[in-house]
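Q:
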Amino acid sequence: MVQYSYFPGCNLKTNAKGFEETAIAVSKKLEAELVEMPSWNCCGTVHTLTSDNIMKRIAPIRVLSRSRKHVETLKESPNQVVTLCSMCNSTLKIVNNEVKKDQEILDKINYQLEEDEETYETDMEVKHFLEILRDIVGYEKISEEVVNPLKGLKVSPYYGCMLLHPEEAKIDDEEMPDVLESLVESLGADLVMSPLFKFCCGSYHIVDQEYIVSSQVEKIVEAAKRRGANALVVACPLCAYNIDQQQKAMAKNTVGKSPIPVFYFTQLMAIAMGEPVKINHFQDHFINPEPLLKELGLIGRKKAK
Amino acid sequence: MKIGVYVCECGTNIASTVDVEDLVEQAKEFPNVEVSRVYKYVCSDPGQVLIKQDIEEKQLDRIVVAACSPRMHEPTFRAVLEDMGLNPYVLEIVNIREQVSWVHNDKAKGTVKAASLLKGAVLRASLMHPLERKKVGVTPNALVIGGGIAGIQASLDLADMGFDTTLVEKTATIGGKMSQLDKTFPTLDCSQCILSPKMVDVNRHPNIDLLALSEVVEVDGYVGNFKVKIKKNPTYVLADKCTLCDDCVPVCPVIEHDEYNQGLSPRRAIYIPYPQAVPASYLIDPNSCLGIDPLICSKCKDVCGPEAIDFDMKPEIIEKEVGAIIVATGYEPYPIENIGEYGYGTIPDVISGMDFERIVSASGPTDGTIRRPSDGKVPKTVVFVHCAGSRDPSKHLPYCSKVCCMYATKHALQYKHLVHDGTAINFFIDVRTAGKDYEEFYQRAAEEDQVIYIRGKVSEVFQDGDRILVKGADTLTGETVELHADLVVLATGLMPSAGTKEIASLLNLSVGMNGFIREAHPKLKPVDTAIAGVFVAGTATGPKDIPETVSNASGAASRAAGILSQDELEIEGTVAQVDEDLCRGCGLCAEACPYSAIEIKAINKYGHALRVAFVNEAMCKGCGSCAAACLNGAINQLGYTDSQILALIGALGEE
């Protein structure tokens, strides 16, 4: 059993609890356990993308420094911090690369971190959980653990932007990624390819210009549905929220638009690996996936037996 | 020693920023100066006469001219000295125009700078010695590397002028990329029809030795006297016995992708590249043939009546002596596999411009009916993407590939002529039609043939069922465009061919940022290279269309003939000279030399075998890199000796 220092970030603790609980459950099963790091703070998110404000990089560096200490307390843990959110992954990776290249910035940040008794020595790597699944665990191992193949679930992978951009933070080929596709196939689900797999979900416009998000989401969902998908799989809590919530709003406003459920990749894994349904926190979803899963006999069957 | 100083006003070019009268007065006080004069245009005929008179009357033996750059008038004044019986190397030119008057506006300071430059030159002139110009013989043969249209034209021109010309082509036939094109813009005449007569001429010309399936592997020597080694790869078919009956092809069990048809049709392991190939001969692909080694199959040999097939043929090395070399190694299209947003070459109906040329060609895989690769259907909507790989500094080629606008327009036009109810859409950044009759051609496509032009780039291309979803922008209306197409043709850019890169490194030719060979001067010496006797033609120096390539090749041939037509060549006297007593044979100079003019040789001296540097004066360009690199001060740059340079620096350092 390898243990990884796991950085949750804000979303996974609030409206995406199901994503985290399923991830931790399957990570144990795959002998790559995610162990939450102590006293973590915000990853820094979009602020760190500005190039001239070093203050905004303190948050991610503090995370890396604390995770480094956490690694010492874990079993067989590599010097890696694992994230589930693609935004956290991107932010931490970019800043980590930046300080590895620029000692001057690192010195300034370390000076600021003195009062927290932290110092970072650029000896950590940032990984998205998908990278661990693909590169360390392997799809073969994942399919071995599948007890409840997702037969009948026609899943269209949706990447959004942050998993594949920018260059220094991407986890897969930005034009033709296959990490989600391979994962979906190893869980026994049917793969549905949609051309809009990285078409922007509308991102933070959900805060002030909802119409942008709704028009984006409509295109993404319709493209997947037209090609026969009955579910989407995502790897970003914001994409998940936008697509899920906007479909509900659209279903209310329009006639004939039947929404399809949005799964986090770890939720699909948990279902396929026979984990209890309640850890998915499906009640937090706007479009409840349970009717579809029941219809396909993917949940509720065991209880009957 | 008597030095004459001549200061030029160059109209007002110099006189407005340098006080020339003051300069002349100051110069009179410099050591050894016999006469100092100012003149409005020293380079003019009366100006030259002035110098000549002084040389005669005052017995001057060193001349210093303060005027423009020596790149302009050094030959003029050297001729003046030679006319008067002086050695041309006792002339010194001070550049007080480009380096003083044109770059300063303070007359007082400009005069001070000019005066110290002039003083340095006078001091240096006192230390000058007459230098000798050496002569070398010339081998009146030429080597042309690359058998595309550039190499063909250059070879024909040289051969017509009577020079024995060796044309080396890497593939099995000459013709190059032009032979794959269907029609040429803007006249829409058939490419093969205008090319094949020239190919035949090459084959028949008594002065051309055509070596196909051959590569230049070694080049030694210098201008007028190159020694070249050429590796001729085996065809495994004896050309003099082969009757081109084609009996061997149907029996061959190996199926390969046909390179001539861009892999869109099959060929056998024994094949002829295409019907008009020159030399017209079958050959065997040793990578896939089952008969070469080990001998598993010999079906072709069994059916060959004239016994032309020889599985034991070996590569041979051919040695040639030539006086000039023309590099015509050409381009290759930018690989669409690099353009991820257009499907990485994985969507079968996204094809390159060259693929389309074959598909539209009557000799191509579809016999001239436009069919798409995936299912062979005739596409009803075709999108042509301009600048595919070009003008994209962040990911692909930063430059404009010049011909793509025109060939994409030509493709759209050809498509409309063949599929009348079809729709052709061109996405462009700018339509660049700089060429004779090119703009009219574009207008005709847009207006008469209803080809649709959308200004904007295609951002992404997806397979969507059996159609292709094309997403892009219309930057004139500011809207995004989404449409479904049956076929997408990428107007891929041009990049230097692998052969261009190989030959550039073999010949030590300098290449530009983008890998194309650098010309000696981009405007005034477009077919010369930095190496004397080596010329370059066609797309090896950058993207060109066919007319430009042909005139470029004729230019290179004529430049080469300028060397080949002489009995002997004069070599500049300003070369590096090694002091054998000081040299310790470390080889730093040989490393520093950009022209491979220095060799470390063992000599017998004082009863010992000593390693010393040896300068090949014919190859030395007098750049001085070796003299600067030498730690022992054992190399002197004749005309720019250490003592002369120190005298210059001394004068500049004075207050």
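Protein chains in written order, with the working numbering: chain A, 110 to 414; chain B, 615 to 1269. Heads up, the beta-carbon is just placed ideally off N, CA and C, and yes, glycines get one too. Computed from a prediction, not measured in an experiment: that's the story for all the values here.
#1: Counting only C-beta atoms, is A413 of chain A closer than 9 Å to chain B at any point?
#2: Just to confirm the assignment, what range does the beta strand (DSSP E) spanning T995 of chain B have?
#3: Check this for me: beta carbons of K236 of chain A and V288 of chain A, under 9 Å apart or not?
#4: Kindly list, in the order they appear in chain A, the residues whose Cβ is closer than 7 Å to that of F1352 of chain B.
#5: Could you check which residue in B:F970, B:D1006, B:S1008 and B:C1001 has the C-alpha nearest to that of E992 of chain B?
#6: Determine, for M285 of chain A, whether the minimum Cβ-Cβ distance to residues of chain B falls below 9 Å.
#7: So, is A1242 of chain B buried or exposed, given that buried needs 16 or more other C-beta atoms within 10 angstroms?
#8: Shortest alpha-carbon distance to I1066 of chain B belongs to which of B:T1047, B:L904, B:G1036 and B:L897?
#9: For T780 of chain B, write down the residues that DSSP places opposite it in a beta bridge.
#10: Tell me which residues of the stretch 944–970 of chain B have at least one Cβ-Cβ distance to chain A shorter than 9 Å, keeping chain order.
#11: Among the residues of its own chain, which have a CB less than 7 Å from the CB of D273 of chain A, if the five just before and after it don't count?
#12: Spell out the partners DSSP gives G1086 of chain B in its beta bridges.
#13: Leaving out five residues before and five after M271 of chain A in sequence, what residues of the same chain have Cβ atoms less than 8 Å from its Cβ?
#14: Is there a C-beta anywhere in chain B that falls below 9 Å from the one on D299 of chain A?
#15: Starting from the N-terminal side, write out each stretch of the alpha helix (DSSP H) that is 4 residues or longer and does not extend beyond the stretch 215–269 of chain A.
#16: What do you reckon, are the CB atoms on L341 of chain A and I369 of chain A nearer than 9 Å?
#17: Taking 9 Å as the CB-CB cut-off, is L1083 of chain B touching chain A?
#18: Whole angstroms are fine: how far does the CA of F925 of chain B sit from the CA of P908 of chain B?
#19: Measuring alpha carbon to alpha carbon, tell me which residue in B:G937, B:N646 and B:E635 is nearest V837 of chain B.
#20: Which residue or residues does DSSP assign as beta-bridge partners of D299 of chain A?
#21: What residue range does the beta strand (DSSP E) around P1110 of chain B cover?
#22: For D282 of chain A, would you say it is in contact with chain B, using Cβ-to-Cβ distances shorter than 9 Å as the test?
#23: According to the neighbour-count rule (16 or more other Cβ atoms, all chains shown, within 10 Å of its Cβ), is Y320 of chain A buried or exposed?
#24: Run through DSSP, which three-state label would A1190 of chain B get?
#25: Starting from the Cα of N1122 of chain B, find the closest Cα among B:V917, B:D834, B:D1100 and B:T780 and give me that residue.
#26: Would a C-beta distance cut-off of 9 Å place L824 of chain B and I788 of chain B closer than the cut-off?
#27: Quick one, which of B:T1114, B:Y948 and B:C862 has its alpha-carbon nearest R881 of chain B's?
#28: Could you check if C152 of chain A is buried or exposed, using at least 16 other CB atoms within 10 Å of its CB as the buried criterion?
#29: Could you tell me whether the stretch 1193–1210 of chain B touches the stretch 1231–1239 of chain B, using the rule of 3 or more Cβ pairs below 8 Å?
#30: Could you check how far apart the C-beta atoms of L1027 of chain B and A1059 of chain B are, in whole angstroms? I think they sit under 8 Å.
#31: Could you name the residues of the same chain whose beta carbon sits closer than 7 Å to that of Y1029 of chain B, not counting the 5 residues immediately before and after it, in chain order?
#32: Report the three-state DSSP secondary structure of K414 of chain A (helix, strand or coil).
#33: Is the beta carbon of L781 of chain B sitting closer than 9 Å to the one on I766 of chain B?
#34: Here's the rule I'm using: 16 or more other beta-carbon atoms within 10 Å means buried, otherwise exposed. How should C1203 of chain B be labelled?
A: Reading off the structure:
#1: Because the pLDDT of A413 of chain A is 41, which lies under 50, any placement of that residue in the model is unreliable, and the number read from its coordinates should be weighed accordingly. Look at A413 of chain A: its C-beta is not under 9 Å from any C-beta on chain B.
#2: T995 to A1002
#3: no
#4: With chain B represented from 615 up to 1269, any question about residue 1352 of chain B goes unanswered, as that position is not in the structure.
#5: The sequence given here places Val at residue 992 of chain B; Glu does not occur at that position. Of B:F970, B:D1006, B:S1008 and B:C1001, the residue nearest in Cα terms is B:F970.
#6: Closer than 9 Å to some Cβ of chain B, the Cβ of M285 of chain A qualifies, so yes.
#7: exposed
#8: B:G1036
#9: B:L757 and B:D823
#10: I953, G954, E955, Y956, G957, Y958 and T960
#11: This sequence places Leu at residue 273 of chain A; Asp is not what is there. Once the five neighbours on either side are set aside, the close Cβ partners of L273 of chain A are K279, D281, E283, P286 and K307.
#12: Note: G1086 of chain B sits in a beta bridge opposite B:V1072 and B:V1095.
#13: Sequence-distant partners of M271 of chain A (beyond 5 residues in either direction) whose C-beta falls short of 8 Å from its own C-beta, in its chain, are S195, M196, N198, S199, A278 and C345.
#14: no
#15: 248–254
#16: yes
#17: yes
#18: 10 Å
#19: B:G937
#20: A:K263
#21: L1108 to P1110
#22: The Cβ of D282 of chain A sits closer than 9 Å to at least one Cβ of chain B.
#23: exposed
#24: strand
#25: B:D834
#26: yes
#27: B:C862
#28: buried
#29: Three or more Cβ pairs drawn from the stretch 1193–1210 of chain B and the stretch 1231–1239 of chain B lie within less than 8 Å of each other, which places the two stretches in contact.
#30: 5 Å
#31: I984, V996, G1036 and A1038
#32: At K414 of chain A, the pLDDT of 40 sits below 50, so the modelled position is not reliable and the matter cannot be decided from this model.
#33: yes
#34: That one is buried.
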